[in-house]
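Heads up: the structure comes next, in structure tokens.
There are 2 protein chains.
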Amino acid sequence: MQYQYSRSMLYEQLASEVGDAIRRGALRAGDRLPSVRRLADQRGVSVATVLSAYLELENAGLIEVRPKSGHYVRPRRGDELVAPRPARRMNAPARPSVSDGVARLISAMRDLSLVPLGSAYLGADDLPIAALNKLAAGISREMSTTGATYDPARGLTALRRQLARRSVAWGLSLHEDDFVTTIGATEALYLGLRAVARPGDAIAVESPTYFGVLQVIEALGMAAVEVPADPTTGLDLDALEDVLRGGRVRAVVAQTTATNPLGAVMPDDARRRLVRMLDRHDLPLIEDDVYGDLVFDGSRPRPARAYDTAGRVLLCGSVSKTLAPGYRVGWIAPGRYHEEVERLKFAHTLAGPTLTQTAVAEFLAGGGYDRHLRRLRRVLGARVEQVRDAIAAWFPTGCRVTSPLGGFVLWVELPPGVDALVLQQRAFDRGVAIAPGPIFSARRRFGNFVRLSCGAWSPRVEAGVQTVGEIACELSGRAPAAAPGGVA
Amino acid sequence: MQYQYSRSMLYEQLASEVGDAIRRGALRAGDRLPSVRRLADQRGVSVATVLSAYLELENAGLIEVRPKSGHYVRPRRGDELVAPRPARRMNAPARPSVSDGVARLISAMRDLSLVPLGSAYLGADDLPIAALNKLAAGISREMSTTGATYDPARGLTALRRQLARRSVAWGLSLHEDDFVTTIGATEALYLGLRAVARPGDAIAVESPTYFGVLQVIEALGMAAVEVPADPTTGLDLDALEDVLRGGRVRAVVAQTTATNPLGAVMPDDARRRLVRMLDRHDLPLIEDDVYGDLVFDGSRPRPARAYDTAGRVLLCGSVSKTLAPGYRVGWIAPGRYHEEVERLKFAHTLAGPTLTQTAVAEFLAGGGYDRHLRRLRRVLGARVEQVRDAIAAWFPTGCRVTSPLGGFVLWVELPPGVDALVLQQRAFDRGVAIAPGPIFSARRRFGNFVRLSCGAWSPRVEAGVQTVGEIACELSGRAPAAAPGGVA
Chain A
267 MQYQYSRSML
277 YEQLASEVGD
287 AIRRGALRAG
297 DRLPSVRRLA
307 DQRGVSVATV
317 LSAYLELENA
327 GLIEVRPKSG
337 HYVRPRRGDE
347 LVAPRPARRM
357 NAPARPSVSD
367 GVARLISAMR
377 DLSLVPLGSA
387 YLGADDLPIA
397 ALNKLAAGIS
407 REMSTTGATY
417 DPARGLTALR
427 RQLARRSVAW
437 GLSLHEDDFV
447 TTIGATEALY
457 LGLRAVARPG
467 DAIAVESPTY
477 FGVLQVIEAL
487 GMAAVEVPAD
497 PTTGLDLDAL
507 EDVLRGGRVR
517 AVVAQTTATN
527 PLGAVMPDDA
537 RRRLVRMLDR
547 HDLPLIEDDV
557 YGDLVFDGSR
567 PRPARAYDTA
577 GRVLLCGSVS
587 KTLAPGYRVG
597 WIAPGRYHEE
607 VERLKFAHTL
617 AGPTLTQTAV
627 AEFLAGGGYD
637 RHLRRLRRVL
647 GARVEQVRDA
657 IAAWFPTGCR
667 VTSPLGGFVL
677 WVELPPGVDA
687 LVLQQRAFDR
697 GVAIAPGPIF
707 SARRRFGNFV
717 RLSCGAWSPR
727 VEAGVQTVGE
737 IACELSGRAP
747 AAAPGGVA
Chain B
267 MQYQYSRSML
277 YEQLASEVGD
287 AIRRGALRAG
297 DRLPSVRRLA
307 DQRGVSVATV
317 LSAYLELENA
327 GLIEVRPKSG
337 HYVRPRRGDE
347 LVAPRPARRM
357 NAPARPSVSD
367 GVARLISAMR
377 DLSLVPLGSA
387 YLGADDLPIA
397 ALNKLAAGIS
407 REMSTTGATY
417 DPARGLTALR
427 RQLARRSVAW
437 GLSLHEDDFV
447 TTIGATEALY
457 LGLRAVARPG
467 DAIAVESPTY
477 FGVLQVIEAL
487 GMAAVEVPAD
497 PTTGLDLDAL
507 EDVLRGGRVR
517 AVVAQTTATN
527 PLGAVMPDDA
537 RRRLVRMLDR
547 HDLPLIEDDV
557 YGDLVFDGSR
567 PRPARAYDTA
577 GRVLLCGSVS
587 KTLAPGYRVG
597 WIAPGRYHEE
607 VERLKFAHTL
617 AGPTLTQTAV
627 AEFLAGGGYD
637 RHLRRLRRVL
647 GARVEQVRDA
657 IAAWFPTGCR
667 VTSPLGGFVL
677 WVELPPGVDA
687 LVLQQRAFDR
697 GVAIAPGPIF
707 SARRRFGNFV
717 RLSCGAWSPR
727 VEAGVQTVGE
737 IACELSGRAP
747 AAAPGGVA
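These protein sequence lines map, in sequence, to chains A and B.
Note that this note's numbering has the first sequence beginning at 267, numbered continuously upward.
Note that this note's numbering has the second sequence beginning at 267, numbered continuously upward.
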């Protein structure tokens, strides 16, 4: 067993390294990879290990075998795509009103007959949900009084202990008492915002931003100020500085790692600069880190919280993107706002369920999480490329698409004049769910953008991308880029 | 098995009937009960059945055996107690600020070394928690992808179906789509209030009222107008009418059945009058029905919602008082505010956990719930009398105590000048948790009241009541009522 484990680790590591080299552009389309025997010699591993790694890369669509010649980096249609342009600045606060568009998205999520390119969640095949449920079954069976009392509002101690342990890997050293567990990151965002701001206050958010943030702001009667975000580096700090100097903003909400919908990762220097900026303006940051474990190159950037010495960063996370969305287990480390958040938590939901928190705590304690994450990052990195390829083939000429550094969504800029809401409706009518751009903006910008989730991949999903592309071609009057006469 | 079940039903029913006769005063202290043989003849049941019923009543402390004489209604010290006086009217709104007192209460709840007279939750022995956990174990094992997706914001369909089915027993006929499931009744109250009122609005509440309601009002930046409640009939509708005529109130929050802390049950006529009054003023009612299944005489009063034809009653409930507090399964039937509540639910917590909702749905579908409730009502009815007896024995002369019609809490008025917060602290120091009166009021009234939970009973709990009584005697300078020289 030990041998098997080690070997499997080796080939996975190898596949991951070569995959990264391809994604980073160190190996380019058409490049020949080292022969199997040669790479085995170079790395001091068995031929079988190299073969396994190459097979995995082939399955992921990153390389191809040319008979009697060797392994080559596969030409990718997606390489021809360029990134969308960042949004323009627009500093006046706006009351978000995205609930209707979101409601349609969510009801589509439950409709299993639809191709799931809409909501950002992974299929059961990608998640260790069976293992987690096995733990839950054991807990229910053996700890027969589980659920007989209310947990403390701050959450199950065993879970908070595991979070404290994991926080070391995040480059932090949080104590179990630094956490309050929540009903997913949604409640964490809600409690965090509620603790630091009041109805009527203006909140700075990324543009585009996760629509759930806008919904919380809407529900709390606050207003959003949209700050442009770059598809690679995230929040534009010059633009943020400009907004903060206006003096109307009461808090900032941002993702820093593998942002949704852009897939950006804020560089370490920028995280430091962001925290210093907030120090100067004496403002809190609600840092949404739900995708923090899903950077394709395997790095785990330190949250902005790591640069915070004043307790002004409220760090939010969950297991919804990596373990089980339906367990609704999230957390917040609210820094200096801890007491207020805990008080609000009691008034909101009193406490979280014991059973689901216990199962997640046991899973995190078991040590299989890191191994799962390594595999998941590789799978998602490859899958995002597959969807990009399909977009390059079927979407109209002139489309722009992000090249995310992590997570599992793509942000697509369609030709001007294509109405994303019309596209959503027509795609829905043809059995495909997508997320329209305007729900990612308090001002309903991004009218010609859509977000595609890469949470699943299959011939059916591929056909779904084709369907969306065909509709976009109809709406724009353009041919697909890959069609005869189409222009890349 | 069938025979055993029938017999057990019979003796339980018999015990329940006799117990009710005693509680209602049809049989009084010192009265002789019919002989075993005679009652068996009269009722057409076996002698063994009557013996089982009498044994249960004896164990519950309601009757006693006098050798060679028969069974007698036991004299109860608690019978000497009189009810507390209703609060005076005080119509100006006040911003609640009860969180600190509540936080102390809640942290005490988690301290297993304390005698649990503080928080209103039942011990694991009273709950079918093992059966519920067994269902959860089966679900986790057999439905291995449970939790792999987000449930719809309105909640698990299977659970909403069971709630619709049960609503028939409540005297309603709600459809599954009338419900939104929530994280306990706490989230139901929060969403309900948030849907019908805004920060700064005045909300009419009972006085005294469940502190959780005040916490939600506090968290939402609203104000509470306290309307006196009667220990038997609940909310004083004349006083409410007076308050509503003032025109400042935006919504009413009230319990109608087995209220906390009074144990009142609003008569049917009053429920009808309440809804008509709200119709006239065009105001919503958030009806908290968490104790609705726990009226000692086995009746299940129709919620005020049953008299509502305009969709203005938002009915809230949970399984926290009858099945499993730590499962955090609650619901709201928000009437005409449904759309808004569902939208807010999404922004608050997105959705509830799948596993816990599925387990509760299966439990409700299984049919054991009604049987459990029958037993629980009997147990709690008897236990409340036991705690009343202990109070009569050990608390200072001049105390007043409620005689609740349901639920499992007692509301105790101490002699003037006794500071309930000091009493709480001293009791805490001596290892006993209690709930101080001021947290049941936005104006921190009830300074000389405490609430005692009857969620558990044992020699240790009895000693805890004695301890609280002793401290109350010290603080008031009075002797216990049952002491030599004490006056009942």
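We put the CB at the ideal spot given by N, CA and C, even for glycine.
Here the structure is a predicted model, which is why all the values come from computation and not from measurement.
Task: 8 Å Cβ shell around Arg427/B - same chain, five flanking residues per side excluded - done: Numbered from 1 along the second sequence, position 161 holds the residue referred to as residue 427/B. The residues Glu442, Ala627, in chain order, have a CB closer than 8 Å to that of Arg427/B in the same chain once the five nearest residues on each side in sequence are set aside.
Open item on the list: Short of 6 Å in beta carbon distance, which residues of its chain neighbour Pro394/A, apart from the five on each side in sequence? Order them along the chain.
Closed with: What you label residue 394/A is simply residue 128 of the first sequence in a count that begins at 1. Answer for Pro394/A: His638, listed in chain order.
Open item on the list: Out of Glu507/A, Ala495/A, Gly703/A, which one is the CA nearest neighbour of Val368/A?
Closed with: The sequence position of residue 368/A within the first sequence is 102, counting from 1. Residue Gly703/A holds the alpha-carbon nearest to the alpha-carbon of Val368/A among Glu507/A, Ala495/A, Gly703/A.
Open item on the list: I need the straight-line Cα distance from Val471/A to Leu551/A, nearest angstrom please.
Closed with: Numbered from its first residue, the first sequence carries residue 471/A at position 205. Numbered from its first residue, the first sequence carries residue 551/A at position 285. About 10 Å.
Open item on the list: Just to make sure I have the definition right: I need the residues of chain B whose C-beta is within less than 9 Å of the C-beta of Glu453/A. Which are they?
Closed with: The residue given as residue 453/A occupies position 187 in the first sequence. The answer, in chain order, is Ile449, His614, Thr615, Leu616.
Task: Chain-ordered residues of the stretch 696-708 of chain B with a beta carbon less than 8 Å from chain A - done: Of all residues in the stretch 696-708 of chain B, none has a Cβ within less than 8 Å of some Cβ in chain A.
TODO: Would you decide whether Val753/B is buried or exposed? Buried here means 16 or more other CB atoms lie within 10 Å of its CB.
DONE: The sequence position of residue 753/B within the second sequence is 487, counting from 1. Only weak support exists for where Val753/B lies, its pLDDT of 40 falling under 50; the value from the coordinates is given anyway. By the 10 Å Cβ count, Val753/B comes out exposed.
Task: chain A residues whose Cβ lies nearer than 8 Å to that of Leu398/B - done: Within the second sequence, the letter at position 132 stands for residue 398/B. Against chain A, the beta carbon of Leu398/B has neighbours under 8 Å at Gly413, listed in chain order.
Task: C-alpha distance - Asp559/A paired with Arg566/A, whole-angstrom precision - done: Here residue 559/A refers to the residue found at position 293 of the first sequence. Here residue 566/A refers to the residue found at position 300 of the first sequence. A straight-line Cα-Cα distance of about 6 Å links Asp559/A and Arg566/A.
TODO: Count the other CB atoms, across all protein chains shown, that sit within 10 Å of the CB of Lys334/A; report buried if there are 16 or more and exposed otherwise.
DONE: Taking the first sequence and counting its residues from 1, one reaches residue 334/A at position 68. Residue environment for Lys334/A: exposed (fewer than 16 other C-beta atoms within 10 angstroms of its C-beta).
Open item on the list: Strictly by DSSP, which residues pair up with Cys582/B?
Closed with: Counting from one through the second sequence, the residue named residue 582/B turns up at place 316. Under DSSP, Cys582/B shares a beta bridge with Asp554/B, Ile598/B.
- [ ] Please check the pair Ala699/B and Pro382/B, which I expect to be a contact at CB under 8 Å, by giving their CB distance rounded to whole angstroms.
- [x] As a working mapping, residue 699/B is identified with position 433 in the second sequence. As a working mapping, residue 382/B is identified with position 116 in the second sequence. Their Cβ separation, rounded to whole angstroms, is 6 Å, which keeps Ala699/B and Pro382/B in contact under 8 Å.
Task: Contact set between Arg407/A and chain B, taken where Cβ atoms lie within less than 8 Å - done: Taking the first residue of the first sequence as position 1, residue 407/A is located at position 141. Near Arg407/A (Cβ distances below 8 Å), the residues of chain B are Asn399, Lys400, Ala403.
- [ ] Return the chain-ordered list of same chain residues with a C-beta closer than 7 Å to the C-beta of Pro418/A, the five sequence neighbours on each side being excluded.
- [x] For the purposes of this step, residue 418/A is taken as the residue at position 152 of the first sequence. So the list reads Ala617, once near-sequence residues are dropped.
Open item on the list: Looking at the strands, I want to know which residues DSSP matches up with Met356/A.
Closed with: Walking along the first sequence from the start, residue 356/A turns up at place 90. Per DSSP, Glu492/A.
TODO: Using the Cα positions of Val585/B and Gly450/B, report the straight-line distance between them to the nearest angstrom.
DONE: Taking the first residue of the second sequence as 1, we reach residue 585/B at position 319. Taking the first residue of the second sequence as 1, we reach residue 450/B at position 184. Rounded to the nearest angstrom, the two C-alpha atoms are 8 Å apart.
TODO: Could you tell me how far apart the beta carbons of Met532/B and Gly564/B are, in whole angstroms, since I believe they sit closer than 8 Å?
DONE: Indexing the second sequence from 1 puts residue 532/B at position 266. Indexing the second sequence from 1 puts residue 564/B at position 298. Contact doesn't hold; Cβ gap of about 17 Å is too wide.
Open item on the list: Nearest by alpha-carbon distance to Trp597/B: which of Arg432/B, Gly730/B, Phe674/B is it?
Closed with: Locating residue 597/B in the second sequence gives position 331, where the first residue counts as 1. Closest option to Trp597/B, Cα to Cα, is Arg432/B.
Task: One or two residues paired with Trp677/B in a DSSP bridge - done: Taking the second sequence and counting its residues from 1, one reaches residue 677/B at position 411. For Trp677/B, which the question treats as bridged, DSSP gives the partners Arg717/B.
Task: Minimum C-alpha distance to Leu259/B - residue among Gly478/B, Cys582/B, Glu492/B - done: Lying outside 267 to 754, the shown extent of chain B, residue 259/B is not represented and no answer is given.
- [ ] Figure out for me which residue from Tyr320/B, Gly389/B, Asp467/B, Arg640/B has the closest Cα to the Cα of Val727/B.
- [x] Along the second sequence, one-based indexing puts residue 727/B at 461. Nearest of Tyr320/B, Gly389/B, Asp467/B, Arg640/B to Val727/B, Cα basis: Gly389/B.
Task: Residues, ordered as in the chain, of the stretch 578-589 of chain B that lie near chain A by beta-carbon distance below 9 Å - done: Correct list: Ser586, Leu589.
TODO: Determine the burial state of Val688/A: buried for a count of at least 16 other Cβ atoms within 10 Å of its Cβ, exposed for fewer.
DONE: Numbered from its first residue, the first sequence carries residue 688/A at position 422. So Val688/A ends up on the exposed side.
TODO: Return no unless some Cβ of chain E is closer than 8 Å to the Cβ of Pro418/B.
DONE: Here chain E cannot be found, since the structure's protein chains are A and B.
Open item on the list: For Ser669/A and Gly529/A, I'd like the C-alpha separation in whole angstroms.
Closed with: Here residue 669/A refers to the residue found at position 403 of the first sequence. Here residue 529/A refers to the residue found at position 263 of the first sequence. Distance between the alpha carbons of Ser669/A and Gly529/A: 7 Å.
Open item on the list: Can you look up Gly529/B in the DSSP assignment and give me helix, strand or coil?
Closed with: Position 263 of the second sequence, counted from the start, is the residue given in the question as residue 529/B. Judged by DSSP in its simplified three-state form, Gly529/B adopts coil rather than helix or strand.
Task: Cβ-based burial, Asp548/A [other Cβ within 10 Å; buried from 16] - done: Start at 1 with the first residue of the first sequence, and residue 548/A comes out as number 282. Looking at its Cβ environment, which holds fewer than 16 other Cβ atoms inside 10 Å, Asp548/A is exposed.
Open item on the list: So if I threshold CB-CB distances at 8 Å, which residues from the stretch 357-371 of chain B count as touching chain A?
Closed with: Of all residues in the stretch 357-371 of chain B, Ser365, Val368, Ala369 have a Cβ within less than 8 Å of some Cβ in chain A.
TODO: Reducing DSSP to helix, strand and coil, say where Ala754/A ends up.
DONE: Translated into positions along the first sequence, residue 754/A becomes position 488. With a pLDDT of 39 at Ala754/A, under the threshold of 50, the modelled position of that residue is not reliable, and no figure is offered here.
- [ ] Can you give me the start and stop residues for the beta strand (DSSP E) that Glu330/A sits inside?
- [x] Here residue 330/A is taken as the residue at index 64 of the first sequence, counted from 1. Counting along the chain, the beta strand (DSSP E) containing Glu330/A begins and ends at 329-332.
- [ ] Locate the alpha helix (DSSP H) running through Ser433/A, then write down its first and last residues.
- [x] Here residue 433/A refers to the residue found at position 167 of the first sequence. Where Ser433/A is concerned, the enclosing alpha helix (DSSP H) stretches over 423-433.
- [ ] Given a cut-off of 8 Å, decide if Arg744/A and Pro681/A are closer than it, judged by their beta-carbon atoms.
- [x] Along the first sequence, one-based indexing puts residue 681/A at 415. Along the first sequence, one-based indexing puts residue 744/A at 478. With respect to Arg744/A, Pro681/A sits close: the two C-beta atoms are nearer than 8 Å.
TODO: Please determine if the stretch 346-363 of chain B and the stretch 604-611 of chain B are in contact, where contact requires at least 3 C-beta pairs separated by less than 8 Å.
DONE: Two segments are said to touch when three or more pairs of C-beta atoms, one from each, lie closer than 8 Å; by this definition the stretch 346-363 of chain B does not touch the stretch 604-611 of chain B.
- [ ] Pull up the distance between the alpha-carbon of Asp695/B and that of Arg340/B, whole angstroms please.
- [x] Residue mapping note: residue 695/B aligns to position 429 of the second sequence, counting from 1. Residue mapping note: residue 340/B aligns to position 74 of the second sequence, counting from 1. Arg340/B has its alpha-carbon roughly 35 Å from the corresponding atom of Asp695/B.
Task: Spatial distance of Thr315/A from Arg666/A (CA atoms) - done: Start at 1 with the first residue of the first sequence, and residue 315/A comes out as number 49. Start at 1 with the first residue of the first sequence, and residue 666/A comes out as number 400. The alpha-carbon separation between Thr315/A and Arg666/A amounts to approximately 38 Å.
TODO: If I'm right that Arg644/B touches Ala281/B with Cβ under 8 Å, what's the distance once you round it to whole angstroms?
DONE: Reading the second sequence from its first residue, position 378 is the one you call residue 644/B. Reading the second sequence from its first residue, position 15 is the one you call residue 281/B. The pair is a contact, with the Cβ atoms about 7 Å apart (cut-off 8 Å).
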